[in-house]
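Quick notes on the structure that follows.
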Amino acid sequence: MKKVIFLVSAILFTISFSVVSAQSGGCCNKSYSKSSCNKNKSKESFNSTKGEKETTFKVAGNCGMCEARIEKAALNVKDVKSAEWNKETKMLKITYTGNVNKEEVQKSIAAAGHDTGKFKAKDAVYNALPGCCKYR
């Protein structure tokens, strides 16, 4: 009976993940047009009306728990106003004010267990992640 419940749960999780992925709009967040989608490189922009800047960079992860952990780690850095990680593209977009050290943001994310373009998570932290979050 436990096997049946586990199998049904796994199937429902897979279906719900597929629906959420399909609604995400493909490779980019809703704020990007398809023509400006860039899967692999960092991108930086500036909104002069609010004094906010945006940048994107790659962060390794797999699931919704990864998304929450990555975004929380980015938001822990002073002056980071928003963080949105896309599970499909593995790209994190942060909006910030002031002089945020982007390497500090990546260090914070690596300290939470997720590799970035510049920093690798320590093995002990990575190994403590839930099984579904292990991307290596």
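Residue numbers for the sequence shown follow the numbering used here, so the first one is 47 and each next one is one higher. By construction, the Cβ of each residue, glycine as well, lies at the ideal position given by its N, Cα and C atoms. On a predicted model such as this, the values are computed, not experimentally measured, just so you know.
I'd like the span of the alpha helix (DSSP H) that includes LEU121, first residue to last.
110-121
VAL146 - DSSP class collapsed to helix/strand/coil:
coil
Determine the closest residue to HIS160 out of GLU130, TYR181, GLU150, GLU98, with distance taken between C-alpha atoms.
TYR181
In this structure, does DSSP put ALA106 in helix, strand or coil?
Three-state result, ALA106: coil.
So is CYS179 buried or exposed if we call it buried at 16+ other beta carbons inside 10 Å?
CYS179 is buried by the Cβ-count criterion.
Bridge-paired residues (DSSP) for ALA129
Paired residues: ILE140.
First and last residue of the uninterrupted alpha helix (DSSP H) at ALA170:
169-173
Tell me which same chain residues have a C-beta within less than 7 Å of the C-beta of ILE155, skipping the five on either side of it?
VAL105, ILE116, ALA119, ALA120, THR162
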